[in-house]
Amino acid sequence: MSNIRITKQFSFETGHALYGYDGKCKNVHGHSYKLSVTVIGSPITDRSNVKFGMVIDFSDLKKIVKEEIVDQFDHATVFNQTTPHIELANELKNRGHHVILVDYQPTSENMVVDFAERIIGRLPAGISLFSLKLQETESSFAEWYASDNL
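Take 471 as the starting number for the sequence shown in this note's numbering and just add one per residue.
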């Protein structure tokens, strides 16, 4: 059976700031992110399986990505925990804001690597993450491909 790629798209709103950056993104700001998740595998050939003909049920992929990324990052503010932004993060947390502290600069490039690791850990046997595309603006995005990360 052929390998087939399946893609599901997601959107979420996230704020961040890039500590030490020399442009406007050093300020706290947000994006309407669009995430495209592509997995690869062979369609199920067992005719008695309710998911016969599917690589993965779109709803199963949606559940994984929602739990690992969308539900966590939507309407959150992401800061690098190893910068002075930790003080702002703690103040926001104390005021009831949803803050995520990461051990990397929260650029699209680093976020897409983080997202890949989260998704890979949840995929069923026989299904592999093929690629991710994290779109920060209408014209700017970062991509992760499994073939580039062997």
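Where is the CB? At the ideal position from N, CA and C, for every residue including glycine.
For secondary structure counted as the alpha helix (DSSP H) over 4 or more consecutive residues, the stretch 484-559 holds these complete runs in sequence order: 528-535. Across the set S609, L562, D541, N550, the C-alpha of D541 shows the shortest separation from the C-alpha of S481.
Rounded to the nearest whole angstrom, the C-alpha separation of N497 and L558 is 12 Å.
For I590, the uninterrupted alpha helix (DSSP H) segment begins and ends at 578-590. The beta carbon of I474 lies closer than 8 Å to those of I510, G511, S512, P513, V525 in the same chain, with the five residues before and after it left out.
Looking from the CA of P594, the closest CA among W614, L620, D527, F585 belongs to D527. L562 carries a helical assignment under DSSP once its states are collapsed to helix, strand and coil. S617: not part of any beta strand (DSSP E); DSSP gives it neither H nor E. When rounded, the separation of the alpha-carbon atoms in I589 and G566 is 28 Å. Under the DSSP assignment, Q575 falls outside any beta strand (DSSP E); it carries neither an H nor an E label. If you draw a 10 Å sphere on the C-beta of T547, you find 16 or more other C-beta atoms in it, and that means buried.
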